[in-house]
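*Asks:* These protein sequence lines are chains A and R, in that order. Mapped onto this note's numbering, the consecutive letters of the first sequence carry residue numbers 1 to 305. Mapped onto this note's numbering, the consecutive letters of the second sequence carry residue numbers 1 to 317. All C-beta atoms, glycine included, are put in the ideal place defined by N, C-alpha and C. Since the model is a prediction, treat every value here as computed from it, not as a measurement.
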Amino acid sequence: MLQFFVRRLIVALLVAATVMTLAFVLTRLSGDLAISIAGPNATQADVDAVRRAYGLDRPLLVQFFDWVGRALTGDLGQSYFFKTPVSALIAERMPVTLTLGLTGLVIALAVSLPLGILAAVRENTAIDRLVQVVALLGQAMPSFWLGLLLMIVFGLQLGWLPISGTGSWDNYVMPGVVLAFSAIPALTRLTRAGMIQSMASDYIRTARAKGLSRASILLKHALRNAAIPVVAITAVQLGFMLGGSIVIEQVFALHGVGFLAWESIGKNDFPVVQAVVLVLAVIYVALTMLADLMNAVLDPRLRAS
Amino acid sequence: MTALLEIEQLQVSFGSTAAVRGASLSVARGETHCLVGESGCGKSVTALSVMNLLAPNARRSAKRLAFEGQDLLGLSDSGMANLRGNAMAMIFQEPMTSLNPAYTVGSQMTEVLRRHKRASQRAATDRAADLLARVGITAPGLRLGQFPHQLSGGLRQRVMIAMALMCEPRLLIADEPTTALDVTVQAQILRLLSRLQRDLGLGMLLITHDLGIVARVAHRVSVMYAGEVVESAPTAELFANPRHPYTQGLLRCVPVPGRIKRDEPLGSIPGTVPRIAPGFAGCAFRERCAFADESCSSAIPRHRPSAAHDFLCRLPA
Chain A
1 MLQFFVRRLI
11 VALLVAATVM
21 TLAFVLTRLS
31 GDLAISIAGP
41 NATQADVDAV
51 RRAYGLDRPL
61 LVQFFDWVGR
71 ALTGDLGQSY
81 FFKTPVSALI
91 AERMPVTLTL
101 GLTGLVIALA
111 VSLPLGILAA
121 VRENTAIDRL
131 VQVVALLGQA
141 MPSFWLGLLL
151 MIVFGLQLGW
161 LPISGTGSWD
171 NYVMPGVVLA
181 FSAIPALTRL
191 TRAGMIQSMA
201 SDYIRTARAK
211 GLSRASILLK
221 HALRNAAIPV
231 VAITAVQLGF
241 MLGGSIVIEQ
251 VFALHGVGFL
261 AWESIGKNDF
271 PVVQAVVLVL
281 AVIYVALTML
291 ADLMNAVLDP
301 RLRAS
Chain R
1 MTALLEIEQL
11 QVSFGSTAAV
21 RGASLSVARG
31 ETHCLVGESG
41 CGKSVTALSV
51 MNLLAPNARR
61 SAKRLAFEGQ
71 DLLGLSDSGM
81 ANLRGNAMAM
91 IFQEPMTSLN
101 PAYTVGSQMT
111 EVLRRHKRAS
121 QRAATDRAAD
131 LLARVGITAP
141 GLRLGQFPHQ
151 LSGGLRQRVM
161 IAMALMCEPR
171 LLIADEPTTA
181 LDVTVQAQIL
191 RLLSRLQRDL
201 GLGMLLITHD
211 LGIVARVAHR
221 VSVMYAGEVV
231 ESAPTAELFA
241 NPRHPYTQGL
251 LRCVPVPGRI
261 KRDEPLGSIP
271 GTVPRIAPGF
281 AGCAFRERCA
291 FADESCSSAI
301 PRHRPSAAHD
311 FLCRLPA
């Protein structure tokens, strides 16, 4: 078990290192940073001054290792626009994004687990097909479009929910629903497939032969095994959701990390962009590791190997 | 006194395929009744019908299906669930996959007692440990805390047997319990089942295609062919005086030391089990039978050479 965990940790570190490299290279690929920072009316002298001031005149490798070295100590640099440490900016915005992501996740699970179980139990009936169509619709709807639709109906026409802001819990309802919609199709289908496979297995026949109640057969014996792949995908989906929050936060004017990234891309505030990519990637990797751990908890066979 | 289990004219079909076509047999209290026949003849389906564990697309009907005199056909799902694992229990052919991989042996064994007898966890754990010891598992305390993947196939089948006995059932249905195991383990499990049957006075319906097993443990044998019970008799009688051509063919396929000569080819039954189309009449074995004539395609009488022996064939008793 410890060995399993150490192996995963090494892989996670490699992924983080790769993402750091990519984040660094991609921001450099977007053009000469000094020219974009200096602005359209800058003279060559201005550009040179910017280049020196931000250390962009140094060789790329030196810049890279300087950034990596600082990042490892928790120093993600200064924002060019806000003139404050990037880590403080992210720490300030992160609660909004995490709240949004978790809200989305809870809604997604609350919808897709019962739907998936229902579809599996009623396999190949009208109910099953209806569930699958709903899942397909969720897959097909772009989240910004769904977000605008909800805003018009629940925000403007019915006036039930605020359409923007970060003030209270009800600000998170609509964006949470929109974010959940992106994860519901995959989670529902996976729950359905897992439950169908589980219900057809020999140990379910044993559970029925023992005269156990339907609830115990479904929720204790079948779901426990069906949940194993669902847990893994849930972690990945939460990662996608945190990434997807860049769009959703923009639509609902939630000032989270996604919003920060959006702003910073527009302002060529590349230390912030780099740092957001890095932080989201590290969270994503951590979630994947958490999923592995939870799988080991759910599946005793994994604990042994 | 009524039999423990009575099956009369059982019919089971899946869509347009008939799996069981009017099979009848009964298991007396404390009797080991072996159901034999080749793969696909409807043995397992018959057993699953008794437990009402057939797949949802199966259609089951019978003239009578009763356990301890109680009709099972009209019994509600919850009434049936109250019997299953309690008064009648079942073990399966696949010990490797019949236990839930996510729960410990102890958890899976105790839940059945807690479900049916409202036992406390402590009492259930004690009983589980006793039964594990009884089925020949050393260190039951250790095994209770283990997961199925930590046990061998033979151990898992022993756990399945112990689990089936948790609520002191009167009927144990064992569907080819030794087929998936190593030969040496097969013999151990068989001895165990036979001893438990005797000690606990269990009625046992043992499904097998192995006539060696039948000879060793059965009190009574029913031979199934293409969804019908073609012959049923006490074991000694069946082996000494098989009447149905299919039974005779089956017995010729088994090498008996002393009775067959070295290098003499073993018997075999030509052909394969036919697909039975809807509306099929007459004897399903006629295509493979050396004694068949045109009368075999009309209704076949059931003969009773003695009170305990019957067979289904046009040949006279």
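State yes or no: is the beta carbon of D202 of chain A nearer than 8 Å to at least one beta carbon in chain R?
*Replies:* Working through the first sequence from its first residue, we reach residue 202 of chain A at position 202. At least one chain R Cβ lies under 8 Å of D202 of chain A.
*Asks:* Report the rounded CA-to-CA distance for A247 of chain A versus Q139 of chain A, giving the unit in angstroms.
*Replies:* Sequence index remark: in the first sequence, residue 247 of chain A carries index 247 (1-based). Sequence index remark: in the first sequence, residue 139 of chain A carries index 139 (1-based). The amino acid occupying residue 247 of chain A in the given sequence is Val; Ala does not appear at that position. Cα-Cα distance, rounded: 16 Å.
*Asks:* Have a look at T27 of chain A and T21 of chain A and give me their C-alpha separation to the nearest angstrom.
*Replies:* Counting from one through the first sequence, the residue named residue 27 of chain A turns up at place 27. Counting from one through the first sequence, the residue named residue 21 of chain A turns up at place 21. For T27 of chain A and T21 of chain A, the distance between alpha carbons rounds to 10 Å.
*Asks:* Among residues of its own chain, excluding the 5 on either side of H221 of chain A, which ones have a beta-carbon nearer than 7 Å to its beta-carbon?
*Replies:* Walking along the first sequence from the start, residue 221 of chain A turns up at place 221. Correct list, in chain order: Y203, I204 and A207.
*Asks:* From A19 of chain R to T288 of chain A, what distance separates their C-alpha atoms?
*Replies:* Start at 1 with the first residue of the second sequence, and residue 19 of chain R comes out as number 19. Start at 1 with the first residue of the first sequence, and residue 288 of chain A comes out as number 288. Straight-line Cα distance between these residues: approximately 48 Å.
*Asks:* Please give me, in chain order, every unbroken run of the beta strand (DSSP E) with length at least 3 that falls completely inside the segment 119-199 of chain R.
*Replies:* Taking only runs of at least 3 residues, the beta strand (DSSP E) segments lying wholly in the segment 119-199 of chain R are 171-175.
*Asks:* Could you tell me which of A:A227, A:F24, A:V6 and A:L9 sits nearest to L278 of chain A, measuring between CA atoms?
*Replies:* If you number the first sequence from 1, residue 278 of chain A lands on position 278. Cα-wise, what sits closest to L278 of chain A is A:F24.
*Asks:* Report yes if the CB atom of P242 of chain R is closer than 8 Å to the CB atom of A290 of chain R, and no otherwise.
*Replies:* As a position in the second sequence, residue 242 of chain R is number 242, starting the count at 1. As a position in the second sequence, residue 290 of chain R is number 290, starting the count at 1. Result no, Cβ atoms of P242 of chain R and A290 of chain R do not sit closer than 8 Å.
*Asks:* Does the beta-carbon of T73 of chain A have 16 or more other beta-carbons within 10 angstroms, so that it is buried, or is it exposed?
*Replies:* Within the first sequence, numbered from 1, the residue matching residue 73 of chain A stands at position 73. Looking at its Cβ environment, which holds fewer than 16 other Cβ atoms inside 10 Å, T73 of chain A is exposed.
*Asks:* Can you look up E8 of chain R in the DSSP assignment and give me helix, strand or coil?
*Replies:* Locating residue 8 of chain R in the second sequence gives position 8, counting from the first residue. In this structure, E8 of chain R counts as strand in the three-state DSSP scheme.
*Asks:* Compare the C-beta of R275 of chain R against all C-beta atoms of chain A and say whether one is closer than 8 Å.
*Replies:* For this step, residue 275 of chain R is matched to residue 275 along the second sequence. No - not a single Cβ of chain A is within 8 Å of the one on R275 of chain R.
*Asks:* How far does the beta strand (DSSP E) with S222 of chain R in it reach, from first residue to last?
*Replies:* Residue 222 of chain R sits at position 222 when you count from the first residue of the second sequence. Looking at the DSSP string, the run of the beta strand (DSSP E) that includes S222 of chain R is R220 to Y225.
*Asks:* Looking at the secondary structure, which residues open and close the alpha helix (DSSP H) in which M347 of chain R lies?
*Replies:* There is no way to answer for residue 347 of chain R, as the model of chain R reaches only from 1 to 317.
*Asks:* Please work out which residues of its chain come closer than 6 Å, Cβ to Cβ, to F144 of chain A, disregarding the five sequence neighbours upstream and downstream, and give them in chain order.
*Replies:* Locating residue 144 of chain A in the first sequence gives position 144, counting from the first residue. If we look at F144 of chain A and ignore the five residues flanking it on each side, its Cβ neighbours are V247 and V251.
*Asks:* According to the Cβ coordinates, are G104 of chain A and L179 of chain A closer than 8 Å?
*Replies:* As a first step, residue 104 of chain A must be located in the first sequence, where it is residue number 104. As a first step, residue 179 of chain A must be located in the first sequence, where it is residue number 179. Contact: yes.
*Asks:* Would you call the CB atoms of P169 of chain R and Q93 of chain R closer than 8 Å?
*Replies:* Mapped onto the second sequence, residue 169 of chain R falls at position 169. Mapped onto the second sequence, residue 93 of chain R falls at position 93. No, Cβ-Cβ distance for P169 of chain R and Q93 of chain R is not below 8 Å.
*Asks:* Would G101 of chain A pass as a contact of L242 of chain A if the rule is Cβ separation under 8 Å?
*Replies:* Here residue 101 of chain A refers to the residue found at position 101 of the first sequence. Here residue 242 of chain A refers to the residue found at position 242 of the first sequence. Yes. Within cutoff.
*Asks:* Identify the contact partners of N82 of chain R in chain A, using a Cβ-Cβ distance below 8 Å as the criterion.
*Replies:* Stepping through the second sequence from its first residue, residue 82 of chain R is reached at position 82. Near N82 of chain R (Cβ distances below 8 Å), the residues of chain A are G211.
*Asks:* What are the residues that DSSP puts in a beta bridge with R303 of chain A?
*Replies:* Within the first sequence, numbered from 1, the residue matching residue 303 of chain A stands at position 303. DSSP output for R303 of chain A lists no bridge partner at all.
*Asks:* Please list the partners that V27 of chain R has in chain A, where partner means a Cβ-to-Cβ separation under 9 Å.
*Replies:* Working through the second sequence from its first residue, we reach residue 27 of chain R at position 27. Chain A residues near V27 of chain R: none, gap ~17 Å exceeds 9 Å.
*Asks:* For the beta strand (DSSP E) that T32 of chain R lies in, which residues bound it at each end?
*Replies:* Counting from 1 along the second sequence, the entry for residue 32 of chain R is found at position 32. Unbroken beta strand (DSSP E) run through T32 of chain R: T32 to V36.
*Asks:* With three or more beta-carbon pairs closer than 8 Å as the criterion, would you say the segment 209-224 of chain R touches the segment 36-47 of chain R?
*Replies:* Cβ pair count under 8 Å is three or more, so yes.
*Asks:* Please state if the CB of V230 of chain R and the CB of V221 of chain R are separated by a distance shorter than 8 Å.
*Replies:* Reading the second sequence from its first residue, position 221 is the one you call residue 221 of chain R. Reading the second sequence from its first residue, position 230 is the one you call residue 230 of chain R. Contact: no.
*Asks:* Can you check whether the CB of P95 of chain R is closer than 8 Å to the CB of G30 of chain R?
*Replies:* Within the second sequence, residue 30 of chain R is the residue found at index 30, counting from 1. Within the second sequence, residue 95 of chain R is the residue found at index 95, counting from 1. The answer is no: Cβ separation not under 8 Å.
*Asks:* Return the bridge partner residues of R302 of chain R from the DSSP annotation.
*Replies:* Start at 1 with the first residue of the second sequence, and residue 302 of chain R comes out as number 302. DSSP output for R302 of chain R lists R:L312 as bridge partner(s).
*Asks:* For Y225 of chain R, which residues of its own chain have a beta-carbon under 7 Å away from its beta-carbon, when the five flanking residues on both sides are left out?
*Replies:* Position 225 of the second sequence, counted from the first residue, corresponds to residue 225 of chain R. Taken in chain order, the residues that qualify are G37, C41, Y246, A284 and F285.
*Asks:* L53 of chain R versus chain A: which residues are under 8 Å apart at the beta carbon?
*Replies:* Translated into positions along the second sequence, residue 53 of chain R becomes position 53. Near L53 of chain R (Cβ distances below 8 Å), the residues of chain A are R205, R208 and A209.
*Asks:* With 16 as the cutoff for other CB atoms within 10 Å, does I107 of chain A come out buried or exposed?
*Replies:* For this step, residue 107 of chain A is matched to residue 107 along the first sequence. Under this definition I107 of chain A is a buried residue.
*Asks:* For the putative contact between P337 of chain A and L190 of chain A, defined by C-beta atoms under 8 Å, what is the C-beta separation to the nearest angstrom?
*Replies:* Beyond the ends of chain A as shown, which are 1 and 305, falls residue 337 of chain A; an answer cannot be given.
*Asks:* State yes or no: is the beta carbon of A123 of chain R nearer than 8 Å to at least one beta carbon in chain A?
*Replies:* Locating residue 123 of chain R in the second sequence gives position 123, counting from the first residue. Not an interface residue.
*Asks:* Are the CB atoms of L113 of chain R and A102 of chain R within a distance shorter than 8 Å?
*Replies:* Sequence index remark: in the second sequence, residue 102 of chain R carries index 102 (1-based). Sequence index remark: in the second sequence, residue 113 of chain R carries index 113 (1-based). Contact: no.
*Asks:* Could you check what DSSP says for V27 of chain R in three-state terms: helix, strand or coil?
*Replies:* Residue mapping note: residue 27 of chain R aligns to position 27 of the second sequence, counting from 1. Residue state, collapsed to three classes: strand.
*Asks:* Measuring only the C-alpha atoms, how far is P62 of chain A from V236 of chain A?
*Replies:* One-based indexing of the first sequence puts residue 62 of chain A at position 62. One-based indexing of the first sequence puts residue 236 of chain A at position 236. In the sequence on display, residue 62 of chain A carries Val and not Pro. If I take the Cα positions, the gap works out to 34 Å.
*Asks:* Is E228 of chain R helix, strand or coil when you go by DSSP?
*Replies:* Here residue 228 of chain R refers to the residue found at position 228 when the second sequence is read from its first residue. Note: E228 of chain R maps to strand in three-state DSSP.
*Asks:* For N124 of chain A and chain C, any beta-carbon pair shorter than 8 Å?
*Replies:* Included in the structure are the protein chains A and R, with no chain C among them.
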